[in-house]
Amino acid sequence: MPITVAPKRLGVQIRYNTPVHALELHDGEFVAALAGSERITAKACVLAAGGFESNREWLREAWGENARGEWPRIIS
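So the sequence shown is numbered by the numbering used here: it starts at 1064 and just counts up by one.
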């Protein structure tokens, strides 16, 4: 089951490719995320930055390869 199924069943809105340039806080509590000209309000906000775990070329560039061609390489 994809990780997004349960949150969506609970009414959680998941947005992809939505660069947020500011968070609006009131007394230290989240109020809204500002994304471009859009103001997104919610009870809470989870921010996640995409990684490159599925891009083998980038992984090799960042981690290198071990003797068997695997990564990350173990250095002792």
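For each residue, glycine too, the CB sits at the ideal point set by N, CA and C.
For this session: Return the CA-CA distance between Lys-1071 and Leu-1122, expressed in angstroms with no decimal places.
Result: 31 angstroms
For this session: Please report the residue range of the beta strand (DSSP E) in which Leu-1097 lies.
Result: 1092-1098
Exercise. Span of the beta strand (DSSP E) holding Glu-1087?
Worked result: 1085-1089
For this session: Going by CA-CA distance only, name the one from Glu-1124, Ala-1107, Pro-1082 that's closest to Gly-1091.
Result: Ala-1107
Problem set entry | Backbone CA spacing between Ala-1125 and Leu-1086 [nearest angstrom] | 30 angstroms
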